[in-house]
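For reference, the structure is listed below as structure tokens.
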Amino acid sequence: MSVSGLKAELKFLASIFDKNHERFRIVSWKLDELHCQFLVPPPAPPGSPHSPPPPLTLHCNITESYPSSSPIWFVDSDDPNLTSVLERLEDTKNNNSLRQQLKWLICELCRLYNLPKHLDVEMLDQPLPTGQNGTTEEVTSEEEEEEEMAEDIEDLDHYEMKEEEPINGKKSEDEGIEKENLAILEKIRKTQRQDHLNGAVSGSVQASDRLMKELRDIYRSQSYKTGIYSVELINDSLYDWHVKLQKVDPDSPLHSDLQILKEKEGIEYILLNFSFKDNFPFDPPFVRVVLPVLSGGYVLGGGALCMELLTKQGWSSAYSIESVIMQINATLVKGKARVQFGANKNIT
Numbered sequence: 001m002s003v004s005g006l007k008a009e010l011k012f013l014a015s016i017f018d019k020n021h022e023r024f025r026i027v028s029w030k031l032d033e034l035h036c037q038f039l040v041p042p043p044a045p046p047g048s049p050h051s052p053p054p055p056l057t058l059h060c061n062i063t064e065s066y067p068s069s070s071p072i073w074f075v076d077s078d079d080p081n082l083t084s085v086l087e088r089l090e091d092t093k094n095n096n097s098l099r100q101q102l103k104w105l106i107c108e109l110c111r112l113y114n115l116p117k118h119l120d121v122e123m124l125d126q127p128l129p130t131g132q133n134g135t136t137e138e139v140t141s142e143e144e145e146e147e148e149m150a151e152d153i154e155d156l157d158h159y160e161m162k163e164e165e166p167i168n169g170k171k172s173e174d175e176g177i178e179k180e181n182l183a184i185l186e187k188i189r190k191t192q193r194q195d196h197l198n199g200a201v202s203g204s205v206q207a208s209d210r211l212m213k214e215l216r217d218i219y220r221s222q223s224y225k226t227g228i229y230s231v232e233l234i235n236d237s238l239y240d241w242h243v244k245l246q247k248v249d250p251d252s253p254l255h256s257d258l259q260i261l262k263e264k265e266g267i268e269y270i271l272l273n274f275s276f277k278d279n280f281p282f283d284p285p286f287v288r289v290v291l292p293v294l295s296g297g298y299v300l301g302g303g304a305l306c307m308e309l310l311t312k313q314g315w316s317s318a319y320s321i322e323s324v325i326m327q328i329n330a331t332l333v334k335g336k337a338r339v340q341f342g343a344n345k346n347i348t
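Taking full-length UniProt numbering, the leading residue of the sequence shown gets 1, the next gets one more, and so forth.
Rendered as structure tokens:
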């Protein structure tokens, strides 16, 4: 699909489910992502003094190869019922159209919360308005298509500020990210774009899009900025990370061990390796402790972590990588992990 065609489809969706819609709202959108809210009904009867629950926040990553490949949806919730809805959507491969996926998703969420199907979902079966659809049906050469993509990428920041900024003043996706980290993101984007043009794409589009979002979120987070942990891509690969846990509970034995380790061996952090597969986020990352050698804290031989969170049964595609990092940090302390002094000299 051309960039102009994708813009037309997104504008059409946002015109139906605007920021004031009573049930489903497209809060912001850009060419590769939708930020949506489903308004959950209050559990108490009308007139109750209880305030309504916060809206359910959903994200949709639109891949570069859309509509050949399906958009990927995830939700900011640990509710297994919601995760199940998105997993069923992922299994529904009959139609990759955003309109049809949105219709199915809204209907399923209404069913989940015992709400009648909203009438506006029927509008999603309509074709795009004639004025917009004309641009989507134009036949363009491959060269013209690439030119259009390049021009749109150059103007993307200006375009996003204009189209995406919601009433509550949401910042652009790069707001709050330090310059050196923006440079890393830009380098990854250029590499992916070049690989795509060369037909040498590594990983999957869905996983790469989600990992880029996770990295942006990490660069914006206070835990990252205050030095609780740091992240480095190994050989600039989105699928292989080094994560350093630089601060643990100061009252824990592990903290004391790290202080001693700093004096003895110059190591003042716990180094983790995160490896992601092509089907992330539907499968968890594989995480192991690289150094120092730890005992306890649910750390197995070789550094693998024994945590339900990191198994297929305990994993949810809704989990953010930062939440996983912070949970590992807390689990090591809770499990009374200790540094095995002397063992680290064997690590290469």
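Yeah, the Cβ is synthetic: ideal placement off N, Cα and C, and Gly gets one too. Bear in mind that the values here come from a model prediction, so they are computed numbers and not experimental data.
- Counting C-beta pairs closer than 8 Å gives three or more between the segment 204-217 and the segment 275-288, which meets the contact rule.
- Nearest C-alpha to P127 among K11, I270 and S28: K11.
- Judged by pairs of C-beta atoms under 8 Å, the segment 77-88 does not touch the segment 323-331, as fewer than three such pairs exist.
- In this structure, the alpha-carbon of L258 lies about 7 Å from that of I267.
- Cβ-Cβ separation between Y113 and V3: approximately 36 Å, too far for a contact (criterion under 8 Å).
- I321 is not a Cβ neighbour of I177, given a cutoff of 8 Å.
- I270 places its beta carbon less than 8 Å from that of V289.
- In the structure shown, the three-state DSSP call for F17 is coil.
- A direct Cα-to-Cα measurement between E232 and P53 gives close to 38 Å.
- Assignment of C306 by DSSP, reduced to helix, strand and coil, places it in the coil class.
- Ranking L6, G5, H35 and L31 by CA distance to the CA of F17 puts H35 first.
- The criterion of a C-beta distance shorter than 8 Å is not satisfied by L254 and G203.
- Your pair A337 and G296 checks out as a contact, with CB atoms roughly 5 Å apart and the cut at 8 Å.
- According to DSSP, residue pairing for E33 in a beta bridge involves K30 and N61.
- Fully contained in the segment 255-300 are the following beta strand (DSSP E) runs of length 3 or more, in chain order: 270-275 and 286-291.
- Counting only residues of its own chain and dropping the five nearest sequence neighbours on each side, S77 has a CB closer than 7 Å to the CB of L56 and A318.
- Residue state for R25 is assigned as strand, using DSSP reduced to three classes.
- Secondary structure at I177: coil, using DSSP grouped into helix, strand and coil.
- Taking C-beta atoms as the reference points, F74 and H59 count as a pair closer than 8 Å.
- In the same chain as E87, and ignoring 5 residues on each side of it, the C-beta atoms closer than 8 Å to its own belong to F282 and S317, in chain order.
- DSSP places D251 outside both helix and strand once states are collapsed to three, so it counts as coil.
- Annotation: D249 to V333 spans about 7 Å, alpha carbon to alpha carbon.
- R216 and L310 have their C-alpha atoms spaced approximately 22 Å apart.
- The Cβ atoms of W104 and L119 lie no closer than 8 Å to each other.
- When beta bridges are read from the DSSP output, K244 appears opposite S230 and L271.
- Per the C-alpha coordinates, the member of L185, L13 and K312 positioned closest to I106 is L13.
- Contact check for V243 against L294 fails: the beta carbons are separated by 8 Å or more.
- Residue pairing by DSSP places R216 opposite no residue, since no beta bridge is assigned to it.
- As a beta-bridge residue in DSSP terms, L56 pairs with F38.
- Going by beta carbons, V287 and L305 fall inside the 8 Å limit.
- Here W73 carries a strand assignment [DSSP, helix/strand/coil].
- Residue pairing by DSSP puts R338 in a beta bridge opposite S295.
- Secondary structure note for E108: its alpha helix (DSSP H) is the uninterrupted segment L98 to L112.
- DSSP places P116 in the coil class of the three-state scheme, outside both helix and strand.
- Taking C-beta separations shorter than 7 Å and ignoring five residues to either side along the sequence, the partners of F276 in its chain run A207, L211, Y239 and P285, following chain order.
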